[in-house]
Structure formats: structure tokens, C-alpha cells
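**Q** Numbering (our numbering), first residue to last: 2 to 297. For each residue, glycine too, the CB sits at the ideal point set by N, CA and C. Because the structure is a prediction, the values reported are computed rather than measured. The structure under discussion is supplied below as C-alpha cells; questions concerning it will follow.
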């Protein structure tokens, strides 16, 4: 049975405590350098152990986890981050959660609309490319992107498709890694802006329907997406590996141009070229004839 939806509660008021609890549960006593004595009722470190290692009182740390203290010093945050083994991205996220106001993002339109110049660039690209919004909504895509995955058509949402659509999941041999990456990036992108209605709508829907989403969302991983290879098991051309680049669109804080491109001269480039050729001709010739012709 699916669990209850993951609610943001009062947004940033509870976000700090949720983040601290999730991260301390991931640190073992061995990693923290303390003896693991007695029966432990919770995974990872106890609150008093974090407090001791960070050099603060157990009562003060408890107030932080319960959202009763919203003004810890930078020194306290850095001491806790050291105990919880937070990297720079997680530390930056931790610091954002003690801010009373969401991170400034400029003025956002309720409907994200890509600039006309970005749309022209998108259509001119020979590689699969699309424009995504803050929550991985597909706002526009070129024909080769849609040939690579029907889920990349405008109006789709990558999170919803990856967690709820078996056909989209089958395209990704590294589905576990892909979903982990997207959720960690979503956490970083959102920061402490947890009362955004679109975020609440999306996380509520996915938490009700996907155990994998609930697991990842509860871990509070924070990581930016970088250029990285992506394996795709395409039903027509087979498995290919493409490099994925995400480029910020000037003047649009939350919009990214995503381009998939193969290594030059690779078999992946050949497969992508074949897919592009099929895509150009498929409206005129049945796919079965194209396969027989290309193999011949």
C-alpha cells in the first residue's frame, strides 16, 4: 500500500529539522568515530551524539530539529555539517534552510515560457534537445528529442514519467541512478522555497504513487546536475550512451536548455544518425521497410 503523501508542512519552518534528521540517519557511529554500544532504536546517529560531536548542548540541537530555533550561528551550522559529513552543496542547502525568506530568484511567471530566441536555437540543433522548467516540465523539444523518447514532448514532466511510466523507465538501464540524480537536483533547485504550489502538487502526487520517490525525497540529498553520460536503451536502435549538457537560458532563471550529444565518431553517433534518418522518413515509409533497407 502506498504511504501517505509527503507534506511540506509549514515549509521552511519544518524543513531544517527534516533535513537534519534525514542526514544524521545516514551517518553510522563508525563513520563518526564513536563506539556503537547498546541497542539503537534509530538508524545512524542519535541526537545527543550529534550534539556532543558538534560541541553544542543536546537541548539546543533538539530545538533545531524541532524548528524552535531558527537562528543558529554559522559556526554551529558548520560544526553540525562536519559531524553529518555534508559536502559543500549540502552545507549550502543547510544554510539556506535557516533563512526566513526563500532564496531570491527574480520575478517568476506562473507559466514558464521559453524566450523566442531559445526556441529558434532549439529548432536549429541537429542533436536531441529540449527546454525544461524548474520542476522538469518539458516546455519545448525538437523532433529528434521526441524520437529518442515520447516523454520529451512538450507538456510532459520528466519526474512523473520516470517514476510512474514503465515505458519511460525501460528506456533507462540506470534508472535508479537517474531518479536519484533528478531528486537531488530538485532539492538543490528548490532550496527553502517549499511552499511553492507547483512543488506541493508534484511531490504529493508522486509520493502517493511511487515508493521510490518517497524513499529519495525523504533522504534529502542535494546535488546539482552536471554534464554526464546517459545510457538509453532505445527500442529501435538499441543501447546508446549520450552526453547530457544542461545550459541556463539567459534571462530565464529557472529554464534550462538540455542537449544530448554522442562522442564524435562513436557507434553511439552512428545509432543517433540512424534514428534521425528514420525520424525524417517515417511519415512516408513504414518503419519495417526502413529497417530492412538499412540492414540491407
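One question on the structure: do residue 155 and residue 145 come within less than 8 angstroms of each other, judged by their Cβ atoms?
**A** no
**Q** DSSP beta-bridge partners for residue 257?
**A** 133 and 249
**Q** Under the three-state reduction of DSSP, which class applies to residue 222: helix, strand or coil?
**A** coil
**Q** Does the structure place the segment 80-89 close enough to the segment 174-184 that three or more beta carbon pairs sit under 8 angstroms?
**A** no
**Q** Quick one: measure Cβ to Cβ for residue 232 and residue 242, integer angstroms, because I've assumed they're closer than 8 angstroms.
**A** For a cut-off of 8 angstroms, the C-beta gap from residue 232 to residue 242 is around 5 angstroms, short enough to register as a contact.
**Q** Under a three-way DSSP split, which group does residue 37 fall into?
**A** coil
**Q** Quick one: measure Cβ to Cβ for residue 33 and residue 54, integer angstroms, because I've assumed they're closer than 8 angstroms.
**A** 6 angstroms
**Q** Tell me the rounded alpha-carbon separation between residue 260 and residue 66.
**A** 40 angstroms
**Q** Could you give the distance in angstroms between the alpha-carbon of residue 222 and the alpha-carbon of residue 187?
**A** If you take the alpha carbons of residue 222 and residue 187, they lie about 9 angstroms apart.
**Q** Going by DSSP, name the residue or residues bridged to residue 239.
**A** Within the DSSP bridge table, the entry for residue 239 names 235 as partners.
**Q** Exposed or buried, which one is residue 38 when buried takes at least 16 other CB atoms within 10 Å?
**A** It is exposed - the Cβ of residue 38 has fewer than 16 other Cβ atoms within 10 Å.
**Q** Between the segment 44-59 and the segment 110-127, do three or more beta carbon pairs fall short of 8 angstroms?
**A** no
**Q** Is there contact here, the segment 265-272 with the segment 132-139, by at least three beta-carbon pairs under 8 angstroms?
**A** By the Cβ test, the segment 265-272 is not in contact with the segment 132-139, since fewer than three Cβ pairs between them sit closer than 8 angstroms.
**Q** When you compare each of 26, 278, 245 and 249 to residue 263 by their alpha carbons, which one comes out closest?
**A** The shortest C-alpha separation from residue 263 is found at 245.
**Q** Determine, using beta carbons only, whether residue 17 and residue 28 come nearer to each other than 8 angstroms.
**A** no
**Q** Tell me the rounded alpha-carbon separation between residue 59 and residue 189.
**A** 28 angstroms
**Q** Helix, strand or coil for residue 19? Go by DSSP, reduced to three states.
**A** Here residue 19 carries a helix assignment [DSSP, helix/strand/coil].
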